[in-house]
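Enquirer:
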Amino acid sequence: MDTKRMTRLALLTSVALIIFIIELHIPNLAPVPGIKLGLANIITVYAMYKYSFGDTALVVFTRILLGTIFSGNISAIFYSIGGSVLCMCGMFLLRRVTDEKYLWISSVIGAVLHNTGQIMVAVVMLKTTAVFSFFPFLLISGCIAGAFTGICAQILCSRINL
Amino acid sequence: MKKKNICIFVFILIFALGIICSLYLLNSEHGDTVNIIQNGEIIYTIDLSASEDRKIEVEYQGRKNIIQIYNHQICVSDADCPDQTCMKTGYLKSGTIPIVCLPNKLIISYTDDSEVK
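Chains as they are written, first to last, in our numbering: chain V, 23 to 184; chain B, 21 to 137.
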């Protein structure tokens, strides 16, 4: 890994981390576990389209690990990782069929996949299928949050060329 | 142009699916029996229509949730977990949507079978 690439990835990670910490102070809109704006994923989506899969995974996992340490919510790390893995795999496949113009829709699908991953982790962790009843609410929130982060990332892609 | 239409169609499809399922779940029927489940095991089964107002303290790895039964309704009145989602959910209303505390692995939901008492 050369210095230039490492610096860029570190910069992306720190920006994502700052967004993540600021978002912690925004109160949750709905009393459903798992619903979140996920603004830090603007960086994830951006990295997905501008860098390789491995680089994106590095940025995301570093952000999750450091974010968990800073927020102090240790149990959230499993949900974050479960969601992120599914989301990144889905978006990696979508990136091959869509170009930057349709970035927002792959962000929406990524967000929904992220929520699916979270639910699956919750089923394993809580040993019950009762949490599946949150899935429709997560679909709605995933659509809105995904579209928002997707549009932000699209603007970012067209304006910044790191 | 065609691709754009597919994108919008997919978006609307997911969104509509979410809304329809949510409305269906919000209006579902339920009995009177409530299960309090922690870490996959049922620790309390309460018949809400017959129970008096009281508080139940549930502990998980040093963290506490206080479950309150008031006027034949159940809610989590106090929790020391970081996200406090279980408190914000309020009283248990829907038959399918449970009160969940993810950090403390606590679930409060109506039983599927209202005849079990």
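Beta carbons: idealized from backbone N, C-alpha and C, even for Gly.
When the Cα of B:Gly38 is compared with those of V:Cys174, V:Tyr124, V:Asn137, which residue comes out closest?
Expert: Comparing Cα positions, the closest option is V:Asn137.
Enquirer: Can you tell me whether DSSP reads V:Thr84 as helix, strand or coil?
Expert: In this structure, V:Thr84 counts as helix in the three-state DSSP scheme.
Enquirer: Which residues in the same chain as V:Glu45 place their Cβ atom closer than 7 Å to its Cβ, once the five residues preceding and following it in sequence are excluded?
Expert: Leu59, Leu61, Ala62.
Enquirer: When you compare only the Cα positions, how much space is there between B:Cys27 and V:Thr120?
Expert: Roughly 10 Å between the two C-alpha positions.
Enquirer: Give me the Cβ distance between B:Ser71 and B:Ile89, rounded to the nearest whole Å; I'm assuming they're in contact under 8 Å.
Expert: At roughly 6 Å, the Cβ-Cβ gap stays under 8 Å, so B:Ser71 and B:Ile89 are in contact.
Enquirer: Given this structure, state the Cα-to-Cα distance separating B:Ser134 from B:Ser114, to the nearest angstrom.
Expert: Per-residue confidence for B:Ser134 stands at a pLDDT of 46, beneath the threshold of 50, marking its modelled position as unreliable; the derived number appears in the next sentence. Cα to Cα, B:Ser134 sits roughly 14 Å from B:Ser114.
Enquirer: Can you give me, in chain order, the residues of the segment 102-124 of chain V that have a beta carbon less than 7 Å from any beta carbon in chain B?
Expert: Listed by position along the chain: Tyr124.
Enquirer: Express the C-alpha separation of B:Asp73 and V:Ser106 in angstroms, rounding to a whole number.
Expert: Looking at the two C-alpha atoms, the distance is approximately 43 Å.
Enquirer: Starting from V:Glu45, trace the beta strand (DSSP E) both ways and give me its first and last residue.
Expert: That residue, V:Glu45, is in no beta strand (DSSP E); its alpha helix (DSSP H) goes 25-46.
Enquirer: Where do the ends of the beta strand (DSSP E) carrying B:Leu122 lie?
Expert: Taken as a continuous stretch (DSSP letters only), B:Leu122 belongs to no beta strand (DSSP E), as it is neither H nor E.
Enquirer: Could you tell me the alpha carbon to alpha carbon distance between B:Ser48 and B:Thr116, rounded to whole angstroms?
Expert: Going from the Cα of B:Ser48 to the Cα of B:Thr116 covers about 7 Å.
Enquirer: Go ahead and label B:Lys75 buried or exposed: buried means 16 or more other beta carbons lie within 10 angstroms of its beta carbon, across all protein chains shown.
Expert: So B:Lys75 ends up on the exposed side.
Enquirer: Between B:Ser129 and chain V, is any beta-carbon pair separated by less than 8 Å?
Expert: It does; some Cβ of chain V falls within 8 Å.
Enquirer: Using DSSP with H/G/I as helix, E/B as strand and the rest coil, what is B:Arg74?
Expert: If DSSP states are grouped into helix, strand and coil, B:Arg74 belongs with the strands.
Enquirer: Can you check whether the CB of V:Gln176 is closer than 8 Å to the CB of V:Leu125?
Expert: Yes. Within cutoff.
Enquirer: Between the Cα of B:Cys95 and those of B:Leu45, B:Leu122, B:Pro102, B:Leu112, spot the shortest distance and give me the residue it belongs to.
Expert: Looking at the Cα atoms, B:Leu112 is the closest of the given residues.
Enquirer: Just verifying my parser: in three-state terms, what is the DSSP assignment at B:Gln104?
Expert: B:Gln104: coil per DSSP, three-state reduction.
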